[in-house]
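Residue numbers (our numbering): 571 to 787.
Note that beta-carbon positions come from the ideal geometry of N, C-alpha and C, so glycine has one too.
All values reported here derive from a predicted model rather than from experimental measurement.
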């Protein structure tokens, strides 16, 4: 059935059902099999991620793909400010160490880490703080859209993935460890690999509790 006809717009039920099944079956996967992910597949996922819409079509996302021993080095580096923040919050030392160890393991044992960064290099510039802030927010939203494409593409490929926001809390540590350009702002870390489990289905709020409809006659 065509998507459109002279009789009016027709919904593509089959394609919607396929996408709905994909989106609704995606889970955050934190445990992976010890098997490599082919570079060609990662490149394909990033190309799909890059099909996301972006502000002014400036595509302000940048990616750092991390494998091998660099995973451990990054996890160790990020653990330092994380531990410091936990202790400053009054978390008991033993509990803080358990939390940090779990975080380190989650990062260092994933076969692939994909760091999503934001750059303002090609975005519009303004003299006032209000518009500068909004332009940055537009870039951040663009990166988030690309990340969602990446997560869904990984799931479609049979991979597991998990979105982590930890880099937001230690951006300079991440930059220094990976020797990133200063113009790259770390936004999210996505762990990636062949899943060792199916993950958990998290409850979602009903649309009716989150939505207001406005319809003026």
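Burial state of residue i, where buried means 16 or more other Cβ atoms lie within 10 Å
i	result
residue 763	buried
residue 735	exposed
residue 757	buried
residue 791	Shown here, the chain extends from 571 to 787; a query on residue 791 therefore has no answer.
residue 631	buried
residue 580	exposed
residue 737	buried
residue 595	exposed
residue 602	buried
residue 761	buried
residue 731	buried
residue 674	buried
residue 585	exposed
residue 786	exposed
residue 644	buried
Presumed contact (8 Å Cβ cut-off) between residue i and residue j, rounded CB distance
i	j	result
residue 754	residue 689	6 Å
residue 683	residue 677	7 Å
residue 620	residue 714	In fact, because the Cβ distance is near 14 Å, the residues do not count as touching under 8 Å.
residue 641	residue 680	7 Å
residue 597	residue 768	7 Å
residue 592	residue 726	6 Å
Coarse secondary structure for residue i, derived from DSSP in three states
i	result
residue 605	coil
residue 727	coil
residue 699	helix
residue 785	coil
residue 737	helix
residue 624	coil
residue 613	helix
residue 752	coil
residue 777	helix
residue 649	helix
residue 629	coil
residue 692	coil
residue 767	coil
residue 642	helix
residue 661	coil
For residue i, the residue or residues it bridges with in DSSP
i	result
residue 732	761
residue 684	635, 760
residue 598	731
Below-8 Å beta-carbon distance, residue i vs any chain C residue
i	result
residue 733	In the structure shown, chain C cannot be found, because there is only a single protein chain.
Contact test: residue i Cβ vs the ligand NAP heavy atom, cutoff 7 Å
i	result
residue 705	Ligands are entirely absent from the displayed structure, and the ligand NAP is therefore not among its contents.
Touching by the beta-carbon criterion (3+ pairs, under 8 Å), the segment 655 to 666 and the segment 632 to 643: As far as the Cβ criterion goes, the segment 655 to 666 does not touch the segment 632 to 643, which means the pair count is below three.
Given 8 Å, three or more beta-carbon pairs between the segment 691 to 709 and the segment 639 to 659: no
Segment contact flag, the segment 652 to 661 with the segment 715 to 723, C-beta cutoff 8 Å, min 3 pairs: no
Segment contact, 8 Å Cβ cut-off, at least three pairs: the segment 696 to 703 with the segment 765 to 785: no
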